[in-house]
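See below for the structure under consideration.
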Amino acid sequence: MIEGAAYLTLPTLSRRSGGPLLAHRYITAGSRLIDELAAAGPQGWIVDLRENTGGNMWPMIAAIAGLLDRGVLGRFLLPDGRSQAWRLRRGYASGYVSLNRRPMARVPHRAQRRRGAPLAALASARTASAGEAALIALRSQSPSRTFGTPTAGMTTGNITHFLPDGTRLMISVSHYADAEGRLIRGRIEPDEVVAGGEVGDAGGPGGGDSALKQALAWIGA
Numbered sequence: 065m066i067e068g069a070a071y072l073t074l075p076t077l078s079r080r081s082g083g084p085l086l087a088h089r090y091i092t093a094g095s096r097l098i099d100e101l102a103a104a105g106p107q108g109w110i111v112d113l114r115e116n117t118g119g120n121m122w123p124m125i126a127a128i129a130g131l132l133d134r135g136v137l138g139r140f141l142l143p144d145g146r147s148q149a150w151r152l153r154r155g156y157a158s159g160y161v162s163l164n165r166r167p168m169a170r171v172p173h174r175a176q177r178r179r180g181a182p183l184a185a186l187a188s189a190r191t192a193s194a195g196e197a198a199l200i201a202l203r204s205q206s207p208s209r210t211f212g213t214p215t216a217g218m219t220t221g222n223i224t225h226f227l228p229d230g231t232r233l234m235i236s237v238s239h240y241a242d243a244e245g246r247l248i249r250g251r252i253e254p255d256e257v258v259a260g261g262e263v264g265d266a267g268g269p270g271g272g273d274s275a276l277k278q279a280l281a282w283i284g285a
């Protein structure tokens, strides 16, 4: 907690190590942290994505599912004009993040963000790929606002092909879009561009962190 607001970082989750076990631990850790912070009755929430350079987007979104409403969170836009929705679905005991109807990551039944509680996200030039997908999911909520500097601009959906010599060839096959289907091409501009909003300028979530200060002011903490 920082000045009455719940603060959490969403770190990178590599696709290349750990596999399903690491993804499960990542989701569980995020869900438990949200439970603990929700118990304190925060005025609002801040999710820090400034050091999230990407990886596997599905466990990332599942880890913060307690902050998100059910429904479409974002989309992939395909070259033929079709779109594939990223959706949060909930059941009685659990839920899952899906791509269209295909489950991509299970989420535990966890405490929800209080209805109407402000949700802020911090972004930087290091926020990339899956980190940008998580940012799009957070921006789909209301009320929400983003702070910091423009993201890396790696806003594409990719497929990895394994060549006979073991080389990995990653091919971009779609663009990201927001929940309404609006194309996101390149960098994502924050709602409030904050000079000195990078993590390196701040030395962590402390007194010199301009983006964090702006987010706290917006929340009213």
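Its first residue numbered 65, the sequence shown is counted upward by one per residue in our numbering.
For glycine and all other residues, C-beta sits at the position ideal for the given N, C-alpha and C.
Buried versus exposed call for Ala184 [16 or more other C-beta atoms within 10 Å across all chains shown]: To locate residue 184, count along the sequence shown from 1; it is residue 120. Buried, by the Cβ-count rule.
When you compare only the Cα positions, how much space is there between Leu72 and Ala127? Numbered from its first residue, the sequence shown carries residue 72 at position 8. Numbered from its first residue, the sequence shown carries residue 127 at position 63. Roughly 11 Å separates the two Cα atoms.
Which same chain residues end up closer than 7 Å to Leu202 when comparing Cβ atoms and leaving out the 5 residues on each side of it in sequence? Taking the sequence shown and counting its residues from 1, the one referred to as residue 202 is at position 138. Hits under 7 Å: Val111, Leu183, Ala185, Ser208.
Separation of Leu280 from Leu137, as counted between CA atoms: Residue numbering aside, residue 137 sits at position 73 when the sequence shown is read from its first letter. Residue numbering aside, residue 280 sits at position 216 when the sequence shown is read from its first letter. When rounded, the distance between both Cα atoms is 24 Å.
So what does DSSP say about Met218, is it helix, strand or coil? Here residue 218 is taken as the residue at index 154 of the sequence shown, counted from 1. Coil at Met218, not helix or strand.
Where Thr210 and Arg165 are concerned, what is the direct C-alpha to C-alpha distance, given to the nearest angstrom? Position 146 of the sequence shown, counted from the first residue, corresponds to residue 210. Position 101 of the sequence shown, counted from the first residue, corresponds to residue 165. Near 29 Å, if we compare the C-alpha coordinates of Arg165 and Thr210.
Could you tell me which residues DSSP puts in a beta bridge with Leu314? This structure cannot speak to residue 314, because the chain is shown only from 65 to 285.
Separation of Ser78 from Ser95, as counted between CA atoms: For the purposes of this step, residue 95 is taken as residue 31 along the sequence shown, with counting starting at 1. For the purposes of this step, residue 78 is taken as residue 14 along the sequence shown, with counting starting at 1. Roughly 19 Å between the two C-alpha positions.
Residue from Arg251, Gln176, Ile248, Ser274 whose Cα sits closest to the Cα of Glu292: This structure gives no information on residue 292, because the portion of the chain shown stretches from 65 to 285.
Following the continuous alpha helix (DSSP H) through Ile252, name the residue where it begins and the one where it ends. Along the sequence shown, one-based indexing puts residue 252 at 188. Per DSSP, Ile252 belongs to no alpha helix (DSSP H) and is neither H nor E.
Helix, strand or coil: how does DSSP classify Leu74 here? If you number the sequence shown from 1, residue 74 lands on position 10. It is coil, neither helix nor strand.
Please state if the CB of Ile200 and the CB of Ile169 are separated by a distance shorter than 9 Å. Your numbering for residue 169 matches position 105 in the sequence shown. Your numbering for residue 200 matches position 136 in the sequence shown. At residue 169 the sequence reads Ala, which differs from the Ile that was named. No, the pair does not count as a contact, with Cβ atoms beyond the cut-off.
Selected residue, minimal CA-CA separation from Pro254, among Met124, Arg153, Gln205, Thr213: Counting from one through the sequence shown, the residue named residue 254 turns up at place 190. Ranking Met124, Arg153, Gln205, Thr213 by Cα distance to Pro254 puts Thr213 first.
For Ala275 and Gly230, I'd like the C-alpha separation in whole angstroms. Here residue 275 is taken as the residue at index 211 of the sequence shown, counted from 1. Here residue 230 is taken as the residue at index 166 of the sequence shown, counted from 1. The straight-line gap from Cα to Cα measures roughly 42 Å.
With respect to the alpha helix (DSSP H) encompassing Pro123, which residues constitute its N-terminal and C-terminal limits? Stepping through the sequence shown from its first residue, residue 123 is reached at position 59. Taken as a continuous stretch (DSSP letters only), the alpha helix (DSSP H) holding Pro123 covers 121–127.
Does the Cβ of Asp273 have 16 or more other Cβ atoms within 10 Å, making it buried, or fewer, making it exposed? The sequence position of residue 273 within the sequence shown is 209, counting from 1. Label assigned to Asp273: buried.
Hey, how far is the Cα of Ala107 from the Cα of Ser206? To locate residue 107, count along the sequence shown from 1; it is residue 43. To locate residue 206, count along the sequence shown from 1; it is residue 142. Checking the sequence shown, residue 107 turns out to be Gln, not Ala. Looking at the two C-alpha atoms, the distance is approximately 14 Å.
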